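Each residue of the sequence shown is one higher than the one before, starting from 520 at the first, in our numbering. All C-beta atoms, glycine included, are put in the ideal place defined by N, C-alpha and C. Please read these numbers as outputs of a predicted model, since none were measured by experiment. Some notes on the structure that comes next.
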Amino acid sequence: MPPTLRPVSFGPARSALCAAVALMLGVLPAATARAAGPAAPPASAAPRTSAALPASVALPASGAPQVSLPPDRSERSGQAEPGGESSRPAVAADGSAVSAALCNKHCDARDPATATSDRVPVTASLYGRSIALHLSDNDVMGWASIDNGQAGDQTWLDRSFDGGRTWASGSKLGTTAIPAGRTGWRSQMYNVDDWNSGGIGALRACGKAGDRAEIACTGWARVDWNAGSRSKAAATALMMNYDRASGKFAGWWTSATALTSLIDNIRISHMPSYRYAIATTYDKLRTAEGGDFTNSYLDDTGWWGLAWVAAYDLTGDRRYLDTARKDADHMAAYWTDKCGGGVQWATDKAYKNAITNELYIQLNAALHNRLPGDTTYLRRATTGWDWFRNSGMINSGNTVNDGLRDDCTNNGDTTWTYNQGVILAALAELNRATGDASLLTRARTLADASTTSAYLNPGGTLHEPYEPDGTGCTSDGDSFKGAYVRGLGLLNKALPDRPYSAYLDRQADTAYAKNRNSLDQYGPHWAGPRTVTGNGCQHSALDLMNAAEDS
520 MPPTLRPVSF GPARSALCAA VALMLGVLPA ATARAAGPAA PPASAAPRTS AALPASVALP
580 ASGAPQVSLP PDRSERSGQA EPGGESSRPA VAADGSAVSA ALCNKHCDAR DPATATSDRV
640 PVTASLYGRS IALHLSDNDV MGWASIDNGQ AGDQTWLDRS FDGGRTWASG SKLGTTAIPA
700 GRTGWRSQMY NVDDWNSGGI GALRACGKAG DRAEIACTGW ARVDWNAGSR SKAAATALMM
760 NYDRASGKFA GWWTSATALT SLIDNIRISH MPSYRYAIAT TYDKLRTAEG GDFTNSYLDD
820 TGWWGLAWVA AYDLTGDRRY LDTARKDADH MAAYWTDKCG GGVQWATDKA YKNAITNELY
880 IQLNAALHNR LPGDTTYLRR ATTGWDWFRN SGMINSGNTV NDGLRDDCTN NGDTTWTYNQ
940 GVILAALAEL NRATGDASLL TRARTLADAS TTSAYLNPGG TLHEPYEPDG TGCTSDGDSF
1000 KGAYVRGLGL LNKALPDRPY SAYLDRQADT AYAKNRNSLD QYGPHWAGPR TVTGNGCQHS
1060 ALDLMNAAED S
């Protein structure tokens, strides 16, 4: 780590249908497929309107309709549903391989006339043509349409299973052309998700004028399954970053923070669809790095230890708590006498910094609160706080600088947001362990300072110092604000008057309105504009939505 910035089968009938669809896609040349197209009328001839939607429809700031679904369906997904059988790869007319037909509730290449709902979240235009993505939330499928065109204009779908980063396995699905005598047409319907493999998908609609080479595509969007609230939608978008093969979301410690945000969301929203990621991550990574989620950076170990405490709280599986104990013990081995105490930043770096010691206090206090009869972890937590509050890292403005110089004085380095937030969670956990009300009083003083800081909240919205933009949300700093609001939320819950609920709500409202795309992905700037997206920005946004909903 760099410096602190650092199946069940659907049965023979459905299987036969899937095979038939794949066979049809595989052997019919494109011209023949288009000739059969008139069975599905053009979008302009038979438009579906909001009358086909459920009654409860809300319009977010983007103007795209979002359907509010009953809990039993809005919480279902490919992860919670058994999958149909995927067919063999189809072959296009030119002999190239195209996407295999997927079967969930229905199989790919279904007639849009059978759709039970129609929502248009995103559109695009090109040379006067209107290109639209249609989603049937009820059917978990989508289709493309092109209007205001002429014969020969084409439209199709692209399908991605990594949040729109790639779509090679789902390119140009259902390519079709406007037939003679028409000004609009639409593709067949294709599944958004792959329930068979647990793929969380997204679709976009593309099109081109028949006499021009340029292509226009809409933004990516998906059905509203597992998106019944802001936090659920953010969690679903986060899971598009999850690599089941490796058990990671992205980097090492940022995978720990992402997993924690996901576990918190399962607890808060009661949406279990992505619970599998807990055991998958544990099993895939337990022997990685130094084993038991340790490595040379002690703060990394602290993040993982807290993730496994959260996993234990949710599941009751003792192996997670046992691993968290090993992580705390690993950190404790690097408590040294330099500067009068404290855990050093890394096994080979004597630097005493804030984040490592804040995590150390929180992790040890959390373990004490879950281990009846413990005295060891409580002693470590209280000793850690006594050292930290006297170390000088808390400055005169009650914000926390990065660490200590070699002469053990405050180095005056940047007041990163996560250093302001983790200490709040640590003090709330230590108060639970000791009943010492002064800990909450001190935490409130620190929280008041950070929530009212013009430096950290320009214009009233939380902003990371030197907030990165060109990193693709993969830098260490992209995860910092998530840790801040998570800690603030935990303190807020520990205080009877919930003094920070309004602050958290305001941050969540701003990010949702100004920093979110049609796929519920978030960028680094909560006040906008939305630029790049990725794991660090996404789990930070999920932490924010969790904290606001739990406040």
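DSSP three-state call for T894: helix, strand or coil? Coil.
Would the region 936 to 950 count as touching the region 869 to 882 if we require 3 or more Cβ pairs under 8 Å? Yes: the two stretches touch, three or more of their Cβ pairs being nearer than 8 Å.
Distance CB(T776)-CB(G1001) smaller than 8 Å: Yes, these two residues count as a Cβ contact at 8 Å.
Output yes or no for whether 8 Å exceeds the beta carbon distance between A663 and G703. No; because the gap between Cβ atoms is not below 8 Å, this pair is not in contact.
By DSSP's criteria, Y495 is part of a beta bridge. Which residues make up the other side? A question about residue 495 goes unanswered here, because the residues of the chain that appear run from 520 up to 1070.
What residue does the alpha helix (DSSP H) around T875 start on, and which one ends it? Residues 873 to 887.
Reducing DSSP to helix, strand and coil, say where T964 ends up. Of the three classes helix, strand and coil, the one that applies to T964 here is helix, per DSSP.
Candidates K1012, Y1022, P1015, A945: which alpha carbon is nearest G978's? Of all alpha-carbon atoms in K1012, Y1022, P1015, A945, the one lying nearest the alpha-carbon of G978 is that of Y1022.
Three-state secondary structure assigned by DSSP to V941: In the structure shown, V941 sits in a helix (DSSP, three-state: H, G or I).
For C992 versus P1048, is the C-beta distance shorter than 8 Å? Not in contact: C992 and P1048 (Cβ atoms no closer than 8 Å).
In this structure, does DSSP put G693 in helix, strand or coil? Correct three-state label for G693: strand.
Endpoints, the beta strand (DSSP E) within which T934 is located: First-last for T934: undefined, no H or E at that position.
Measuring CA to CA, which of N929, I787, P984, D819 is closest to S910? Nearest option by C-alpha distance: N929.
Taking only the alpha-carbon atoms, compute the straight-line gap between T755 and K857 and give it to the nearest angstrom. In this model, T755 and K857 are separated by some 45 Å (Cα to Cα).
Residues sharing a beta bridge with C626, DSSP: Paired residues: C622.
Check A554 in the structure and name its three-state DSSP category. Residue placement at A554 is poorly supported in this model, since its pLDDT is 28, which falls under 50; the coordinates are not used for a value here.
Please report the straight-line C-alpha distance between A769 and K803, rounded to a whole angstrom. Going from the Cα of A769 to the Cα of K803 covers about 14 Å.
Report yes or no: do the region 743 to 759 and the region 789 to 798 share at least 3 C-beta pairs separated by less than 8 Å? Contact holds: three or more Cβ-Cβ distances are below 8 Å.
Can you name, in chain order, every residue of its own chain whose Cβ lies under 7 Å from the Cβ of N624, other than the five neighbours on each side? Note that residue 624 is Lys in the sequence shown here, rather than Asn. Once the five neighbours on either side are set aside, the close Cβ partners of K624 are D658, V659.
Helix or strand or just coil, what does DSSP make of M758? Secondary structure of M758 (DSSP, three-state): helix.
Whose CA, out of G916, W935, M912, lies closest to the CA of C927? Nearest to C927 by C-alpha distance, out of G916, W935, M912, is M912.
In chain order, what residues of the same chain have a beta carbon less than 8 Å from the beta carbon of D955, not counting five sequence neighbours either side? Take D955, set aside five residues on each side of it, and the residues of its chain with a beta-carbon closer than 8 Å to its own are L949, in chain order.
What is the residue span of the beta strand (DSSP E) that T642 lies within? Boundaries of the beta strand (DSSP E) harbouring T642: 638 to 645, taken from the DSSP string.
Between E1068 and chain D, is any beta-carbon pair separated by less than 8 Å? Structure shown: chain D not included; a single protein chain is present.
For the beta strand (DSSP E) that contains G661, what are its first and last residues? Counted as a single uninterrupted DSSP element, the beta strand (DSSP E) harbouring G661 occupies residues 660 to 666.
Check whether the Cβ atoms of W822 and L878 lie closer than 8 Å to each other. Going by C-beta atoms, W822 is nearer than 8 Å to L878.
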